[in-house]
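Chains as they are written, first to last, in my numbering: chain A, 152 to 540; chain B, 19 to 392.
For reference, the structure discussed in these notes is given below.
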Amino acid sequence: MYGILLALPARSVPRTPADDAVVIEKLPFRAGDSRARELDILRASARNAPGDAVAAAALAQAYFDMAQARSDPRYIGYADAVLSQYKQPVSVDLLVLRGMLRQYRHDFDDALGDFAAALAQDPERASAHAWRGAIFLVVAQYDNARKECAALLRLQRPVLYGGCTGLTQAYTGQLTLAYKTLQQALTLARYDDQRLWLLTRMGEVSTWLGQSARAERHYRDALALGRDDGYLLAAWADFLLDQKRPAEVVQWLAAWETSDSLLLRLAEAETTQQLPGAKAHVQALDDRFAAAKLRGDTTHRAEEARFQLRLRKNSALAVQLAAANYQIQKEPRDLRVLLEAALAARDPDAAKPAREWLQSTGFEDAHMRTLAAHILQLQPLVKKQVSAP
Amino acid sequence: MMRRFALLWLVLAFQMTAWAHKASDSYLVVDVKGNAITAQWDIALRDIDFALGLDRDGNAEITWGELRARQSDLSAWALSRLELTRSGGCPLQVTSLQVDEHTDGGYAVLHLVGVCPAASGPLGLQYRLLFDLDSLHRGLLRLTLDDATHTTVISPTSGALQFGAMQTSRWAQFKQYLVEGVWHIWIGFDHILFLLSLLLPAVLVFQMRRWQGVANFGAALREVLWVVTSFTAAHSITLSLAALGLVSLPSRLVESAIALSVVLTAANNLWPVVERRRWLVAFGFGLIHGFGFASVLAELGLPADALALSLLGFNAGVEVGQMAIVAGFLPVAFLMRNTRFYLRGVFVLGSWLTMLVALIWLLERALDLKLLTA
Numbered sequence: 152m153y154g155i156l157l158a159l160p161a162r163s164v165p166r167t168p169a170d171d172a173v174v175i176e177k178l179p180f181r182a183g184d185s186r187a188r189e190l191d192i193l194r195a196s197a198r199n200a201p202g203d204a205v206a207a208a209a210l211a212q213a214y215f216d217m218a219q220a221r222s223d224p225r226y227i228g229y230a231d232a233v234l235s236q237y238k239q240p241v242s243v244d245l246l247v248l249r250g251m252l253r254q255y256r257h258d259f260d261d262a263l264g265d266f267a268a269a270l271a272q273d274p275e276r277a278s279a280h281a282w283r284g285a286i287f288l289v290v291a292q293y294d295n296a297r298k299e300c301a302a303l304l305r306l307q308r309p310v311l312y313g314g315c316t317g318l319t320q321a322y323t324g325q326l327t328l329a330y331k332t333l334q335q336a337l338t339l340a341r342y343d344d345q346r347l348w349l350l351t352r353m354g355e356v357s358t359w360l361g362q363s364a365r366a367e368r369h370y371r372d373a374l375a376l377g378r379d380d381g382y383l384l385a386a387w388a389d390f391l392l393d394q395k396r397p398a399e400v401v402q403w404l405a406a407w408e409t410s411d412s413l414l415l416r417l418a419e420a421e422t423t424q425q426l427p428g429a430k431a432h433v434q435a436l437d438d439r440f441a442a443a444k445l446r447g448d449t450t451h452r453a454e455e456a457r458f459q460l461r462l463r464k465n466s467a468l469a470v471q472l473a474a475a476n477y478q479i480q481k482e483p484r485d486l487r488v489l490l491e492a493a494l495a496a497r498d499p500d501a502a503k504p505a506r507e508w509l510q511s512t513g514f515e516d517a518h519m520r521t522l523a524a525h526i527l528q529l530q531p532l533v534k535k536q537v538s539a540p
Numbered sequence: 019m020m021r022r023f024a025l026l027w028l029v030l031a032f033q034m035t036a037w038a039h040k041a042s043d044s045y046l047v048v049d050v051k052g053n054a055i056t057a058q059w060d061i062a063l064r065d066i067d068f069a070l071g072l073d074r075d076g077n078a079e080i081t082w083g084e085l086r087a088r089q090s091d092l093s094a095w096a097l098s099r100l101e102l103t104r105s106g107g108c109p110l111q112v113t114s115l116q117v118d119e120h121t122d123g124g125y126a127v128l129h130l131v132g133v134c135p136a137a138s139g140p141l142g143l144q145y146r147l148l149f150d151l152d153s154l155h156r157g158l159l160r161l162t163l164d165d166a167t168h169t170t171v172i173s174p175t176s177g178a179l180q181f182g183a184m185q186t187s188r189w190a191q192f193k194q195y196l197v198e199g200v201w202h203i204w205i206g207f208d209h210i211l212f213l214l215s216l217l218l219p220a221v222l223v224f225q226m227r228r229w230q231g232v233a234n235f236g237a238a239l240r241e242v243l244w245v246v247t248s249f250t251a252a253h254s255i256t257l258s259l260a261a262l263g264l265v266s267l268p269s270r271l272v273e274s275a276i277a278l279s280v281v282l283t284a285a286n287n288l289w290p291v292v293e294r295r296r297w298l299v300a301f302g303f304g305l306i307h308g309f310g311f312a313s314v315l316a317e318l319g320l321p322a323d324a325l326a327l328s329l330l331g332f333n334a335g336v337e338v339g340q341m342a343i344v345a346g347f348l349p350v351a352f353l354m355r356n357t358r359f360y361l362r363g364v365f366v367l368g369s370w371l372t373m374l375v376a377l378i379w380l381l382e383r384a385l386d387l388k389l390l391t392a
């Protein structure tokens with residue numbers, strides 16, 4: 152609440168444009184765009200048939216897909232508003248959609264419940280298994296994830312099964328096997344978006360294995376598919392940053408300022424190279440995190456931790472954010488930012504859950520193992536400082 | 019269908035890392051003074067476009083002209099989703115339209131005015147903007163209600179909000195005057211010396227024409243509580259009377275009388291006239307000290323809308339300050355009560371010094387001289 156008091160007055164002064172022709176906002180796409188037309192049609196049919204669960208689900212699904220394509224949470228809100236006309240989801244489609252929206256807000260337990268309820272009504276619903284598998288991976292419940300992967304195999308979804316199993320293997324310390332599983336899935340993939348996803352993940356697994364040349368090849372193959380994909384660009388930028396090639400990051404991400412996570416990588420690259428644009432981008436990120444805090448949004452603490460650590464050099468705050476994030480999300484990138492922040496803040500206790508994860512899973516990434524080892528060395532030294540704020 | 023399932027994986031993986039943009043917010047700043055309302059409402063142009071369709075030529079760019087052309091629709095839409103009440107509805111109207119930038123893009127800025135049927139009482143606010151279209155939308159409200167500021171995040175489940183004129187800000191006001199009260203007793207040497215002159219003999223009894231220590235702590239404590247409470251009760255009465263403007267005395271008279279009260283109390287320790295019922299002395303002179311506090315309060319100024327609360331805060335602060343002095347003084351004095359140091363040094367010499375200082379004050383104040391530098 153206090154954040155609001157501080158943040159509200161820090162606004163610019165309203166102005167009156169001098170000319171009617173002044174452009175005051177750019178929209179995501181043109182009114183005549185095929186996506187806009189498709190959405191218009193779905194909106195019209197949902198409006199003309201109130202209470203029609205099929206029309207509502209189609210519109211909500213379209214909004215959800217749009218949120219993904221544009222990485223824009225407004226569409227999540229639109230989808231949610233479509234669903235909120237129903238007190239309870241009245242169809243399996245709507246149940247699955249509600250689960251998707253809930254996981255988007257990191258309400259993982261309720262999302263798992265929705266997917267389970269959908270499966271109780273329709274055991275063939277592969278998407279519900281896929282979502283459950285994905286959530287279990289995020290919250291580091293790997294045995295449960297394996298069960299969902301097995302269900303996908305039973306439902307004869309080999310590509311989904313390969314993705315699900317490959318990631319589970321990777322997160323549980325079987326990187327070589329994981330790579331083979333993903334590779335196998337890639338041979339079965341029939342669509343570019345499947346290929347893009349699998350190639351991206353193969354790039355990540357190769358990076359963890361220390362095989363940079365192979366990782367770069369996979370990332371470049373994925374990029375060559377010519378589809379905008381925020382996750383791929385973020386993974387690719389992280390790879391380049393780790394390879395100390397910030398100049399290329401700036402080239403790739405120059406046009407992606409609107410995406411917070413890509414702007415973060417761009418600002419990191421610019422700061423490393425001491426480019427003039429760095430300062431404005433760091434400030435823009437600061438403003439955006441403040442704006443999110445204003446509305447009580449805590450779903451991007453991992454990014455904020457990295458921002459505080461690398462760009463604001465506030466390791467104490469970074470370790471707090473990373474630890475809070477790790478309570479919710481436990482994927483390798485969540486782990487890494489926690490380890491890095493804990494090391495910078497000389498706070499081995501904060502890194503304890505992460506080190507335990509590394510130990511129990513046997514996760515093989517050499518970089519993170521080195522970080523954990525450094526933190527371990529830190530321990531005797533730091534005993535005195537632990538109580539310091 | 020296969021394709022859609024594959025997409026799901028993308029979606030999930032994407033969101034976990036690639037957060038972008040922020041969800042929709044509007045910024046509503048409302049200022050209510052009596053029955054007059056002024057407000058500024060910043061609404062994202064993207065949200066207005068989604069609700070009303072602004073991009074007339076379909077080029078994915080919104081121009082100032084396109085927004086201006088829809089000003090009346092925009093006003094009608096926005097105003098139908100915001101209700102303010104103060105014992106009845108406060109009709110709002112848009113006086114002007116501007117634009118601004120926030121972290122996520124361009125915003126239309128609506129300047130609003132309104133008039134309420136009443137100039138006091140709680141303010142009701144109901145906000146429904148965009149909730150039918152975007153359930154992640156939030157209204158970020160900063161409301162200034164008669165100089166008290168409230169901030170809140172309004173969500174679809176917030177419903178009708180009520181903001182009382184009393185609330186957080188009143189507590190803050192009370193605290194402010196409480197602190198002033200404490201501060202004043204601490205820096206008001208005349209009050210402290212008066213109090214100490216009354217307290218010095220509290221651990222003693224006057225028997226067989228000489229002072230000696232009381233038998234038990236309870237007796238001393240009871241005496242102190244009587245004295246301090248009567249002093250507080252008395253000065254609260256006159257402080258309130260003076261602060262409310264019901265009684266007014268010339269400050270030179272008041273200040274001189276305060277100095278005299280200290281002289282007399284200290285003298286009473288040396289040549290006892292009143293040994294019992296010192297609380298009566300405390301009460302009587304407390305009435306005079308209350309007028310002294312009132313002049314301080316007059317300098318601070320009392321908020322017209324929280325007169326009683328501020329007075330109470332100030333009185334409570336004075337009491338807290340006195341209690342702190344008592345808490346520090348009493349145990350030490352009780353332990354030392356039978357020592358030569360206390361009976362001779364602290365009690366007799368202390369009373370002499372006090373009387374002397376107070377006499378100088380009395381001369382200064384009564385004759386408007388400057389003998390001791392403040």
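The beta-carbon is built from N, C-alpha and C at its ideal position, and this holds for glycine as well.
So, at 8 Å on beta carbons, what are the nonlocal neighbours of Leu218(B) in its own chain, with the 5 sequence-adjacent residues on each side left out? Asn287, Ala351, Val364, Phe365, Gly368 and Ser369
Could you compute how far the alpha carbon of Arg487(A) sits from the alpha carbon of Arg225(A)? 29 Å
Tell me the rounded alpha-carbon separation between Thr186(B) and Asp165(B). Interpretation of Thr186(B) is limited by its pLDDT of 49, a score under 50 that renders its predicted location unreliable; no figure is taken from the coordinates.
Members of the stretch 118-138 of chain B near chain A, C-beta cut-off 9 Å: Asp118, Glu119, His120, Thr121, Asp122, Gly123, Gly124, Tyr125, Ala126, Val127 and His129
Beta-carbon proximity of Val50(B) to Leu141(B), cut-off 8 Å: yes
Under 7 Å (Cβ pairs) to chain B, residues found in the stretch 218-252 of chain A: Gln219, Ser222, Asp223, Pro224, Arg225, Ile227, Gly228, Tyr229, Asp231, Ala232 and Ser235
Listing by chain order, which chain A residues have their CB less than 8 Å from the CB of Ala41(B)? Pro224, Arg225, Ile227, Gly228, Arg446 and Asp448
Measuring alpha carbon to alpha carbon, tell me which of Arg305(A), Ser235(A), Asp260(A) and Leu311(A) ends up nearest Phe287(A). Asp260(A)
Starting from the beta carbon of Glu176(A), find every residue of chain B whose beta carbon is closer than 7 Å, and list them in chain order. Leu63, Arg64, Ile80, Gly123 and Gly124
Of all the options Asp411(A), Ala502(A) and Ala291(A), which has the alpha carbon lying nearest to the alpha carbon of Glu491(A)? Ala502(A)
Counting along the chain, where does the beta strand (DSSP E) carrying Trp229(B) start and finish? Arg228 to Gly231
Do three or more CB pairs link the stretch 120-130 of chain B to the stretch 52-68 of chain B at distances below 8 Å? yes
My assumption, with CB atoms under 8 Å, is that Cys315(A) sits in contact with Ala340(A). Please give the rounded CB distance. Between Ala340(A) and Cys315(A) the Cβ distance is about 14 Å, and since that is not below 8 Å, they are no contact.
Using 8 Å as the threshold, is the C-beta distance between Ala204(A) and Ser242(A) below it? yes
May I ask which residues mark the beginning and end of the beta strand (DSSP E) holding Lys177(A)? Val174 to Lys177
Contacts around Met373(B), its chain only, beta-carbon distance under 6 Å, and the 5 residues preceding and following it disregarded: Val281, Ala284 and Ala285
Measuring CB to CB, does Ala197(A) end up less than 8 Å from Leu210(A)? yes
Give the interface partners of His209(B) over in chain A, defined as CB-CB distance under 9 Å, in chain order. In chain order: nothing, as chain A lies at least about 37 Å away.
Going by C-alpha distance, which of Leu404(A), Lys395(A) and Asp393(A) is nearest Gly381(A)? Leu404(A)
For a contact meaning CB atoms closer than 9 Å, what does Val173(A) contact in chain B? Thr81, Trp82, Gly83 and Val117
Does any residue of chain A have a CB that is nearer than 8 Å to the CB of Ser90(B)? no
Between Gly313(A) and Trp282(A), is the Cβ-Cβ spacing less than 8 Å? no
Cutting at 7 Å between CB atoms, please list the residues of its own chain near Leu376(A), excluding the five before and the five after it. Asp343, Arg346 and Leu347
Could you confirm whether any beta carbon from chain A is found closer than 8 Å to the beta carbon of Arg146(B)? no
With DSSP as the reference, please indicate the residues paired to Ile45(B) in a beta bridge. Looking at the sequence provided, one finds Tyr at residue 45(B) rather than Ile. DSSP lists Asp60(B) and Leu158(B) as partners of Tyr45(B).
Closest by CA to Ala384(B), which one among Ser269(B), Leu179(B), Leu329(B) and Asp43(B)? Ser269(B)
Residues within the stretch 144-175 of chain B neighbouring chain A, beta-carbon criterion of under 7 Å: Asp150, Leu151, Asp152, Ser153, Leu154, His155, Arg156, Leu158, Arg160, Thr169 and Val171
Name the chain A residues whose beta carbon is nearer than 7 Å to that of Asn77(B)? Arg181
For the stretch 352-374 of chain A, which residues have a beta carbon sitting closer than 7 Å to at least one beta carbon of chain D? In the structure shown, chain D does not exist; the protein chains are A and B.
Just how far apart, CA to CA, sit Leu326(A) and Leu391(A)? 21 Å
Determine the chain B residues that contact Asp438(A) at a beta-carbon separation under 7 Å, and present them in chain order. Thr121
Nearest to Val314(B) by CA position, among Leu243(B), Arg296(B), Trp201(B) and Val265(B), is which residue? Trp201(B)
Within chain B, the residues that Ala442(A) reaches when beta carbons sit closer than 8 Å: Lys40, Asp43, His120, Thr121 and Asp122
Simplified DSSP state of Asp258(A), which is helix, strand or coil: coil
So what does Lys51(B) bridge to, in DSSP terms? Ala54(B)
Just confirm the distance between the C-beta atoms of Ile66(B) and Leu178(A), as a whole number of angstroms; I'd bet it's less than 8 Å. About 11 Å separates the two Cβ atoms, so there is no contact after all.
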